[in-house]
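Asker: Read the sequence shown against this note's numbering and you will find it ends at 634, with the numbers running on by one and no gaps.
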Amino acid sequence: MVWLASVKVSRASSEPLTSQIQTAVKREIREGVLRPGTRLPSSRALAEDLRVSRSVVVEAYGQLIAEGFLEAVQGSGTRVAGHLAPVPVVPTLLDEGRVPAVRWDLRTGGAVTGHFPHREWAVAYQRTLRTVGRAELDYPPLSGVRALREELTRYLGRVRGVRATPEQIMVVQGFAHGLALLCSALPRLGIGTVAVEDPGLIRQHRFVREAGLSAVPVPVDEEGIDVAALARSGVRAALITPFHQFPTGVTLSARRRAALVDWARETGGYLIEDDYDGDFWFERRPHPLALQRLAPDRVVYAGTASKALVPALRLGWLVAPRGMMPVLEQVRSRHDLGSEALTQLAFAELLNGGALDRHLRRLRSRYRSRRDALAQAVHRHLPGAALLGSAAGLHAYLRLPPHTDEALLVAEALRRFVLVRGGREFTTLPRPLEPALVIGYAGLPTTALLDALAELGRIRAALPGAVRGVARSA
């Protein structure tokens, strides 16, 4: 019987037998032939099948276990590591469809679910179930449960400087749901085109277009969105990320904030402020407040619980100008009957009792140390590269040394089990951009993050044109 048909060795090859076995197993994992959890033959059985010494197979298995491709389970033998499942790719992230199994996933936007406060959430939910009344078990108000809107008014005012009343808040099922409602409401206000940041989140550009509006890319520089270019575009609505621009990490300057507000008032337009990671600020300088506070009549503030808690809750909110709320409610009445009420009430309990504050304090400490570790790893393994933008959020924009072949680096990284995105993947405008990587650092343990950066350093050093001997190994 052939125990592992896809693994073969050749004594005529100059490559050591142990290395041949490792290479073959990695290839089969990468191509999805050996699936996560697949039980491999014992070292004795594979050695007999390949007609090699058992010590050769033992050494190969040991190295593959050390590198994280296999795992030895007591009483269950050696198996393909469970974390190496092929990664489903959101359209526009790399190629459509699926990508091979990877060891280090450095993409942004993935759910960071390991830090969910299970105990605190269970307490809040149980308290909700004990105290909920009959009226609250009926269909919820279209704009959300009153108790949560009141808590959000207090919380957002306290931590982000948002100026609002409960009547200006609509609870939605995440940012995409809120954006869909806005894209339906804007044409009723005479607006059919939305400006989007470039570089920016390309799938949001497509989302706006598929909602029936036109999307016009506007360049971003070291101060944030170019307001002069925005004014030249002739649009009357703009989707922006002023706190921590995606993907460059730039925080909108005070000068640009004032210019944006002036533009909105002069045109009678609206700014959609996507505060997607406003809970995480690691700089020593003061935490920037929401743009909305400068012009509550012109800015729609959008936030979610996806990064503070988990995306599975599908919980977000819009803080809209008073004049827009009736339009949003009318649009929503034709789409759904409101967001699930018990989750809203449990989240209100978290806010009211301070549990969310305590949870976020723990998260900030954890992510701040991880971002510091990333900065140190870049300095050590990628000389000439630099982290740009503010130390905030859950991703970083890494400018690569000049003349680095960004596309080749990304492709070689994937071949070496590192999944990372290049900066040019986020732009649609025909303009020169320095080579860069966009690194999501929240989803990996610090040790894995450091290993991934070390591997990127080795890959960069081996690229054509790289200065030899500059990037050091871990």
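For glycine and all other residues, C-beta sits at the position ideal for the given N, C-alpha and C.
Predicted model only: the values in this text are computed from it and were never measured.
What separation, rounded to the nearest whole angstrom, lies between the Cα atoms of Glu433 and Leu399?
Answerer: One C-alpha to the other measures close to 6 Å.
Asker: I need the DSSP call for Glu191, collapsed to helix, strand or coil.
Answerer: Note: Glu191 maps to coil in three-state DSSP.
Asker: For Glu357, count neighbouring Cβ atoms within 10 angstroms of its own Cβ and tell me buried if that reaches 16, exposed if not.
Answerer: Label assigned to Glu357: buried.
Asker: State the CB to CB distance for the pair Met485 and Glu327, rounded to an integer number of angstroms; the pair is presumed to be in contact (CB under 8 Å).
Answerer: Rounded, the Cβ-Cβ distance is 7 Å, consistent with contact.
Asker: Go through its chain and collect everything with a Cβ distance to Val250's Cβ below 6 Å, but skip five positions before and after it.
Answerer: Any reading at Val250 must be qualified, since the residue scores a pLDDT of 39, below 50, and its modelled position is unreliable; the value itself is stated next. Closer than 6 Å at Cβ, skipping near neighbours: no residue.
Asker: Does the count of Cβ pairs from the segment 595 to 602 and the segment 276 to 290 closer than 8 Å reach three?
Answerer: The segment 595 to 602 vs the segment 276 to 290: no contact.
Asker: Comparing C-alpha positions only, which one of Ala515, Gly293, Leu420 sits nearest to Ala388?
Answerer: Ala388 has its Cα closest to that of Leu420, out of Ala515, Gly293, Leu420.
Asker: Taking Leu609 as the reference, which of Val460, Ala622, Phe577 has the closest Cα?
Answerer: Of the candidates Val460, Ala622, Phe577, the one whose C-alpha sits nearest the C-alpha of Leu609 is Phe577.
Asker: Inspect the beta-carbon positions of Glu489 and Leu302 and report whether they are closer than 9 Å.
Answerer: The answer is yes: Cβ separation under 9 Å.
Asker: State the Cα-Cα distance for the pair Thr464 and Ala472, rounded to the nearest angstrom.
Answerer: Each residue's alpha carbon lies about 11 Å from the other.
Asker: Secondary structure at Leu505, three-state DSSP: helix, strand or coil?
Answerer: Note: Leu505 maps to helix in three-state DSSP.
Asker: Between Trp423 and the rest of its own chain, which residues show a CB-CB distance below 8 Å, the 5 nearest in sequence each way excluded?
Answerer: Closer than 8 Å at the Cβ level, and outside the excluded window around Trp423, lie Val387, Leu390, Ala391, Gly429.
Asker: Taking the alpha-carbon of Leu579 as reference, which of Ser203, Ala261, Ala533, Ala226 has the nearest alpha-carbon?
Answerer: The residue with the shortest Cα to Cα distance from Leu579 is Ala261.
Asker: Would you tell me roughly how many angstroms separate the C-alpha atoms of Leu548 and Ala537, rounded to the nearest one?
Answerer: So the alpha carbons of these two residues sit roughly 15 Å apart.
Asker: Since Ser413 and Glu443 are thought to touch, with beta carbons under 8 Å apart, how far apart are those beta carbons, to the nearest angstrom?
Answerer: Going by Cβ atoms, the distance from Ser413 to Glu443 rounds to 14 Å, so no, they are not a contact pair.
Asker: Using three-state DSSP, classify Ala371 as helix, strand or coil.
Answerer: It is coil, neither helix nor strand.
Asker: Mapping DSSP to helix, strand and coil, what is Gly463?
Answerer: The answer is strand: DSSP assigns Gly463 an E or B state.
Asker: Exposed or buried, what is Tyr221 when buried is set at 16 or more other beta-carbons lying within 10 Å of its beta-carbon?
Answerer: Its Cβ being crowded by 16 or more others within 10 Å, Tyr221 is buried.
Asker: Indicate whether Ala614 and Leu604 have their beta-carbon atoms separated by less than 9 Å.
Answerer: Result no, Cβ atoms of Ala614 and Leu604 do not sit closer than 9 Å.
Asker: Suppose you measure from the CA of Pro595 to the CA of Arg559; what does that come to, to the nearest Å?
Answerer: Taking the straight line from one Cα to the other gives about 6 Å.
Asker: Give me, in chain order, the residues of the same chain whose beta-carbon lies closer than 6 Å to that of Ala508; leave out the 5 immediate sequence neighbours on both sides.
Answerer: If we look at Ala508 and ignore the five residues flanking it on each side, its Cβ neighbours are Ala307, Leu308, Glu311.
Asker: Suppose you measure from the CA of Arg417 to the CA of Ala455; what does that come to, to the nearest Å?
Answerer: Looking at the two C-alpha atoms, the distance is approximately 10 Å.
Asker: If we ignore side chains and look at the alpha-carbon of each, how far apart do Phe586 and Ser179 end up?
Answerer: Their Cα atoms are separated by approximately 38 Å.
Asker: Using the Cβ count rule (16 or more neighbours within 10 Å means buried), how would you classify Lys186?
Answerer: Per the 10 Å Cβ criterion, buried.
Asker: Is it a yes or a no for the segment 522 to 532 touching the segment 324 to 344, going by three-plus beta-carbon pairs under 8 Å?
Answerer: Touching, no.
Asker: Per DSSP, Ala596 forms a beta bridge with which residues?
Answerer: Bridge partners of Ala596: Arg559.
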